[in-house]
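Participant: Okay, here's the structure, questions in a sec.
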Amino acid sequence: MKKIFRLIVAFPKITLALFTALALFLGYYSTKLEIDASSQTLLLDNDKDLQIWREVSKRYETPNFLVLAYTPAGDLLAPETIRKIAQMDAAFSKLDFVASVTDITNVPLLLNKGGGMSELLKHIPTLTDADVNLTAARREFATSPFYASNLVSADFRTTAILINLKPQTRYEELLRLRDGAKSALEQAEHEGNRSGAQISQLKDALKVAEQNFKSYRDELREKDHRDIVALRALIAGFEKEFTGDRLFLGGLNMIADDMVGYVRSDLATYGLGALVLLLACFWLFFRQAKFILLPLIICAYSVVLAAGLFGFLDFEITVISSNFIALQLIITVSVCIHLIVAYREFSARFHAFSQRQLVYAVLRERAMPCFFAIFTTVIGFMSLIFCDIKPVISLGIMMSVGISISLVTAFGVFGAVMSLLKRTHNNRSFEQHFKFTLWCAETALRSRGAVYGVCAAAVIFGLYGISQLRVENSFIGYFKKSTDIRAGMEVIDTNLGGTIPLDIVVKFKSAGGADTASGSENSASGSANFKSGENSNPAGQNSIAHNSATKNSTATAQNSIAGNSIPQSSVAAAQNFNDQNFTEQSSFAAAQPSEAVNSDQTHAANLERNSTASDDFGDFEAEYAANENKPQYWFTSEKMRIIGKIDDFLKDKNVTGHEFIGNVSSLASLLKLGKQINQGRDLDDLSLALIYSEMPANYREMVLSPFVNIEASEAHFSVRTIDSDPRLRRAKFLKDLQSGLNSLLEGEQASAQISGIMVLYNNMLQSLMSSQIDTLGITVLVLFVLFVIIFRSLSYALIAIIVNLIPLCACFGIMGVAGIPLDIMSITIAAISIGIGVDDVIHYIYRYKREFARLGDEAAAIRASHASIGYAMYYTSFAIILGFSVMMMSNFWPTIYFGMLICLVMSLLLLGALIILPSLIMSRKGLKFSLFKAK
1 MKKIFRLIVA
11 FPKITLALFT
21 ALALFLGYYS
31 TKLEIDASSQ
41 TLLLDNDKDL
51 QIWREVSKRY
61 ETPNFLVLAY
71 TPAGDLLAPE
81 TIRKIAQMDA
91 AFSKLDFVAS
101 VTDITNVPLL
111 LNKGGGMSEL
121 LKHIPTLTDA
131 DVNLTAARRE
141 FATSPFYASN
151 LVSADFRTTA
161 ILINLKPQTR
171 YEELLRLRDG
181 AKSALEQAEH
191 EGNRSGAQIS
201 QLKDALKVAE
211 QNFKSYRDEL
221 REKDHRDIVA
231 LRALIAGFEK
241 EFTGDRLFLG
251 GLNMIADDMV
261 GYVRSDLATY
271 GLGALVLLLA
281 CFWLFFRQAK
291 FILLPLIICA
301 YSVVLAAGLF
311 GFLDFEITVI
321 SSNFIALQLI
331 ITVSVCIHLI
341 VAYREFSARF
351 HAFSQRQLVY
361 AVLRERAMPC
371 FFAIFTTVIG
381 FMSLIFCDIK
391 PVISLGIMMS
401 VGISISLVTA
411 FGVFGAVMSL
421 LKRTHNNRSF
431 EQHFKFTLWC
441 AETALRSRGA
451 VYGVCAAAVI
461 FGLYGISQLR
471 VENSFIGYFK
481 KSTDIRAGME
491 VIDTNLGGTI
501 PLDIVVKFKS
511 AGGADTASGS
521 ENSASGSANF
531 KSGENSNPAG
541 QNSIAHNSAT
551 KNSTATAQNS
561 IAGNSIPQSS
571 VAAAQNFNDQ
581 NFTEQSSFAA
591 AQPSEAVNSD
601 QTHAANLERN
611 STASDDFGDF
621 EAEYAANENK
631 PQYWFTSEKM
641 RIIGKIDDFL
651 KDKNVTGHEF
661 IGNVSSLASL
671 LKLGKQINQG
681 RDLDDLSLAL
691 IYSEMPANYR
701 EMVLSPFVNI
711 EASEAHFSVR
721 TIDSDPRLRR
731 AKFLKDLQSG
741 LNSLLEGEQA
751 SAQISGIMVL
761 YNNMLQSLMS
771 SQIDTLGITV
781 LVLFVLFVII
791 FRSLSYALIA
801 IIVNLIPLCA
811 CFGIMGVAGI
821 PLDIMSITIA
831 AISIGIGVDD
841 VIHYIYRYKR
851 EFARLGDEAA
861 AIRASHASIG
871 YAMYYTSFAI
881 ILGFSVMMMS
891 NFWPTIYFGM
901 LICLVMSLLL
911 LGALIILPSL
921 IMSRKGLKFS
931 LFKAK
């Protein structure tokens, strides 16, 4: 190390040239640093429920669309309101990225006219018909299982306009190839029977697949951004035109686009804000231009080198790691402060030293304490890799690498630049007037009893507050109320049936009690039993359903958690009755064989064919008996009874916890609609089989695929939960719901399993507490061992740990009492704070031991330490607090809480280092048990 410092001081220009060349090289890659704002970053990779949900998602796929929640000033069915909705429909439909638009003006009103199916065959009414019955339409919107609390709100004030986006088949294909390559590599490594060359081949294939996917994803992201901007421009125009009306946009693409914007904004805001505040600190403390510009230069090198390295290594920035630049600046500045304070101190003490001798002495003096301070901070960040949440792990790795770069850069650039400057007189006016550190020393020396009393009270308060800590967080609550994400999701959540989805899959058993299809076969087959290879898409309204099989589980996750909450399949099922090709073959027509339909000879012929009484049905019954294992005969009245029973159970608000259940979509909704059209008569086994047989294959996929999988012999219930309800306790809700379903199906030939985003999100929340315990426990244990090695004393090691744990205990106590929940950001506070906080402890004990060796008196050594290193501790802590305070400007509440709580705990840690630490050192004689000979 000494040789390196000599080289830096002897060849400062070469040193700066090397740093500059490296910065230029990595600076190019810093522009390649990518952002991942997907909801997948909030899931646990090792969650067993994640695999279950992915298998379910393969069988019941989700389309991609945006939702515009529209609340008019007038009545929802007023002519003026209908005109406005039709105007927006026409404008949105002209956008090149929109496949179709669904709203109350174009959905079929199947119960609007009397006369049964024969009247529907003549014409399916819509709200734009001149002779539409508005009273009947209002009743149908309010009571239909497809429209109520789905397309229109319960209070009939808000409606959803569904903007169906064109499918991105290229994206899905590249995603499938990437996931396939990843699975192949994982399987090969797990089996362990492949050669090194084969493994290398699989790794190369995965690398190519990832590059292709990321390249197209970035292109698509830019296109999506342009699309969202164009759509928002239209909406802004309508907001100005429709005075008094309210419009809120929600959906996957909008959420993802805004999240990327937030991350980019945070990167710039945190970095620039932290830099400005930190430079202000340097001016306040040192009042010299070189001590302001030099840290600025060091910070610039440090950030460029770190960002470039992360870009080179293909790291991606998430909403959690978006503060890495601010963290990087804060740590870099803390090292700079220690070097500057040491330089100013040595300059005042060693007048005979030349500038280069002075710089060399500073580098040597601060090398060990700064190294151990950064090393302990690395330990704090590296403990985050034991968390189960991928972006938290990524933050730990990035910051561990980043602050290591900060240490090397600070020493290298500081030594080189200062060696090129002339020695000047130092302005020490701040130290001459600032007496806070000396007051802390006197408090520690004269009022130890009071200090220990306050510590005991803080621990008791902290333990009580910790017992009140909770992990409940609504996804909606992560965002400020002023954000479009929060505004749109709240309207959908409270008025249009909820946001965060829950999937319930009911597996039917054979007569012997066994499942009729294995899970492995199901996942492989997906919902292929409904697919005939026909890709035709009827024009107009039915295009909403056509998109229903274009998304994989990743898109499903993002759609769901982002607020794409209106099930397309529900509306599609109703819309399909509006297509002539379907209605003329519909089983509902068979339910009305005696009614003549004179408007179309084909319709009449079909009705006549279906009404040839007992001969045809006799043949059908014989066919039913001979072919009961065929797909059309899966739809038995017994299965339909169970499906209806579960549907009624989920919608029963008298059941405890069901107040958190919003919209429920299932096959039961179709059956209820069929019963209404069938003049109140239930459909029997023969009618159900006939429906399946007569329904065109493409409509089977659109209408039935979202709700049943025949090969798997299962039914699917799509449930949305009211995420914003503050009373919701997710773990209890899910446990009670599963228990209720088990009790409901007791004695039935069926079983139910809950999965979906709600389950995965709850698992992530529940992991927060264990992750907090794991990261803090590992950090404390490793630091204690390290302290024993550094200080060669168990007593010093114990003191150092206690000094850091008391402020942390108080901080978590405040969180518990104030009702601030643990979240994906706050679980990192303990590890980060203790990692940074021990820096002051290391610097202080290191300096105290030297002063004690020089002075031979504990009190004098404490006063001398406070008058020297105490200033550096205060400067660095103050700078860190200011740096973290900029995070409170975020749009993401976890980041706001993180910044606020870090500021709080760093303030407490500073007081601990300046008051509690010297108090314990004075009482150290009673704790003096040493593993080595203590000094």
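One point on numbering: in the UniProt record's numbering, the residue at position 879 of the sequence shown is 879, and numbering is uninterrupted.
All C-beta atoms in this analysis are idealised placements derived from N, C-alpha and C, irrespective of residue type, glycine included.
Output the boundary residues of the alpha helix (DSSP H) element that contains R178.
Facilitator: R178 -> alpha helix (DSSP H) spans T169 to E191.
Participant: Where does Q328 sit, in a helix, a strand or coil, going by DSSP?
Facilitator: Here Q328 sits in helix by DSSP.
Participant: Looking at the strands, I want to know which residues DSSP matches up with L165.
Facilitator: Paired residues: V98.
Participant: Per DSSP, what kind of secondary structure is I466 in: helix, strand or coil?
Facilitator: Helix, per DSSP.
Participant: Quickly, what does DSSP pair D503 with across the bridge? List them, please.
Facilitator: Answer is S718 and S755.
Participant: Locate the beta strand (DSSP E) running through L68, then write down its first and last residues.
Facilitator: Per DSSP, L68 belongs to the beta strand (DSSP E) from F65 to T71.
Participant: What's the C-alpha gap between N552 and S57?
Facilitator: Because the pLDDT at N552 is just 41, under 50, the model does not fix this residue reliably, and the value given afterwards should be weighed accordingly. Approximately 7 Å, taken between the alpha carbons.
Participant: Who are the Cβ neighbours of Y301 in its own chain at under 7 Å, not counting the five residues just before and after it?
Facilitator: Around Y301: F19, A23, T409 and V413.
Participant: Who does L247 pair with in a DSSP beta bridge?
Facilitator: Answer by DSSP bridge pairing, in chain order: Y70.
Participant: Expressed to the nearest angstrom, what Euclidean distance is found between the alpha-carbon atoms of S919 and A181?
Facilitator: In a straight line, the C-alpha of S919 is about 59 Å away from that of A181.
Participant: Can you grab the Cα-Cα spacing for the pair G674 / R264, in whole Å?
Facilitator: So the two alpha carbons sit approximately 50 Å from each other.
Participant: Could you work out which residue in L68, F156, K509 and D774 is closest to L745 when comparing CA atoms only?
Facilitator: Cα-wise, what sits closest to L745 is K509.
Participant: By Cβ distance, which residues of its chain are closer than 6 Å to A562, with the 5 residues on each side in sequence left out?
Facilitator: Legend: pLDDT at A562 = 40, less than 50; position of this residue unreliable, no value from coordinates given.
Participant: Quick check on Y897: buried or exposed, where buried means 16 or more other Cβ atoms within 10 Å of its Cβ?
Facilitator: Result: buried.
Participant: Could you have a look at T143 and say whether DSSP puts it in helix, strand or coil?
Facilitator: It is helical.
Participant: Have a look at F436 and A859 and give me their C-alpha separation to the nearest angstrom.
Facilitator: Cα to Cα, the separation comes out at about 17 Å.
Participant: Report the rounded CA-to-CA distance for G526 versus Y60, giving the unit in angstroms.
Facilitator: Legend: pLDDT at G526 = 37, less than 50; position of this residue unreliable, no value from coordinates given.
Participant: Using a Cβ-Cβ cutoff of less than 8 Å, which residues in the same chain neighbour M922 once the five nearest sequence positions on both sides are dropped?
Facilitator: Taken in chain order, the residues that qualify are A444, L445, R448, E858, A859 and I862.
Participant: Suppose you measure from the CA of L650 to the CA of F717; what does that come to, to the nearest Å?
Facilitator: In a straight line, the C-alpha of L650 is about 10 Å away from that of F717.
Participant: Check A148 in the structure and name its three-state DSSP category.
Facilitator: Note: A148 maps to strand in three-state DSSP.
Participant: Would you say the region 831-838 touches the region 483-498, given that touching needs at least three Cβ pairs under 8 Å?
Facilitator: No, because fewer than three Cβ pairs between the region 831-838 and the region 483-498 fall closer than 8 Å, the two stretches do not touch.
Participant: To the nearest angstrom, how far is the alpha carbon of A148 from that of T499?
Facilitator: One C-alpha to the other measures close to 15 Å.
Participant: Please state if the CB of M764 and the CB of T721 are separated by a distance shorter than 8 Å.
Facilitator: It is not a contact, given that the beta carbons lie outside the stated cut-off.
Participant: So does the region 165-183 actually touch the region 192-211, counting three or more Cβ pairs closer than 8 Å?
Facilitator: The region 165-183, when compared against the region 192-211, does touch it at the 8 Å Cβ threshold.
Participant: Smallest Cα separation from I374: which of A913, L786, P821 and V905?
Facilitator: Comparing Cα positions, the closest option is L786.
Participant: Quick one: what's got a C-beta closer than 8 Å to T656's C-beta in the same chain, skipping five residues either side?
Facilitator: Result list for T656: D736, in chain order.
Participant: Give me, in chain order, the residues of the same chain whose beta-carbon lies closer than 8 Å to that of I915; leave out the 5 immediate sequence neighbours on both sides.
Facilitator: Cβ within range, chain order: C440, T443, A444 and V451.
Participant: Please report the straight-line C-alpha distance between Y360 and D840, rounded to a whole angstrom.
Facilitator: C-alpha separation (whole angstroms): 23 Å.
Participant: If I follow the unbroken beta strand (DSSP E) through G662, where does it start and stop?
Facilitator: Element bounds for G662: I661 to S665.
Participant: Based on Cα-Cα distance, which residue from D493, Y464, I646 and I460 lies nearest to I476?
Facilitator: Comparing Cα positions, the closest option is D493.
Participant: Give me the DSSP bridge partner(s) of I405.
Facilitator: DSSP lists no partner for I405.
Participant: Whole angstroms are fine: how far does the CA of L305 sit from the CA of G27?
Facilitator: Near 7 Å, if we compare the C-alpha coordinates of L305 and G27.
Participant: Locate the alpha helix (DSSP H) running through W634, then write down its first and last residues.
Facilitator: Careful: W634 lies outside any alpha helix (DSSP H) and carries neither H nor E.
Participant: Since D227 contacts F97 with CB under 8 Å, what's their CB separation in whole angstroms?
Facilitator: Confirmed, Cβ separation roughly 5 Å.
Participant: Determine the direct distance from the alpha carbon of A668 to that of G644, and round the result to whole angstroms.
Facilitator: Cα to Cα, G644 sits roughly 5 Å from A668.
Participant: If you drop the 5 nearest sequence neighbours on each side, which residues of the same chain put their C-beta closer than 7 Å to that of F5?
Facilitator: Taken in chain order, the residues that qualify are Y360, L363, R364 and G415.
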